[in-house]
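In UniProt numbering, the protein residues as written are 1 to 192.
A virtual CB, placed ideally from N, CA and C, is assigned to each residue, including glycine.
Take a look at the structure set out below.
Written out as structure tokens, the structure reads:
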């Protein structure tokens, strides 16, 4: 009965921690659930007290089943490796370089890109005009109230800026007579 109560408490605590916000709590919750699973495996292999599963000194009918114990030892090693991996992810996860809004994070970068990379048709439009265009198209997106000097990038430009920042590269103007420009034009014509 004590093992069953312990399994229940560990499972309840683990589920509670997994449902909380925060990576460390999630890791602790998964660890508690792993311990509860290990105890469940052990409890499944032990109906009553039995002798050690050493065949030289014990009658085989009186010996405990060694298979659940082997499963638990394997599960302990796997859970330790998983916990170490999740802790490493928690430590490194805060230094993610993907940004949700590159214009707000890097206004200087946006200003440099705006005039040098894209044609005049693709340059950013005032935010009020963009909101009006979206509403005319029937878009259901929610917009913040734009100020007079606010600008919105076209969608494909925003993706390019984000991709450049994620890769750690700086944008550059590509000459129209270069091979790279020709390949890009061929790809874009093939997509359309």
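Taking 8 Å as the limit between beta carbons, can you name the residues of its chain near residue i, skipping five residues before and five after?
i	result
residue 39	3, 6, 7 and 10
residue 75	34, 37, 38 and 41
residue 26	17, 18, 20 and 86
Secondary structure at residue i, three-state DSSP: helix, strand or coil?
i	result
residue 63	strand
residue 51	strand
residue 80	helix
residue 193	Because residue 193 is not part of the residues shown, which for the chain are 1 to 192, the question remains open.
residue 21	coil
residue 11	helix
residue 45	helix
residue 34	helix
residue 1	coil
Just to confirm, is the Cβ distance from residue i to residue j under 8 Å?
i	j	result
residue 57	residue 32	no
residue 90	residue 23	yes
residue 68	residue 45	yes
Taking the alpha helix (DSSP H) that residue i belongs to, which residues open and close that run?
i	result
residue 191	179-191
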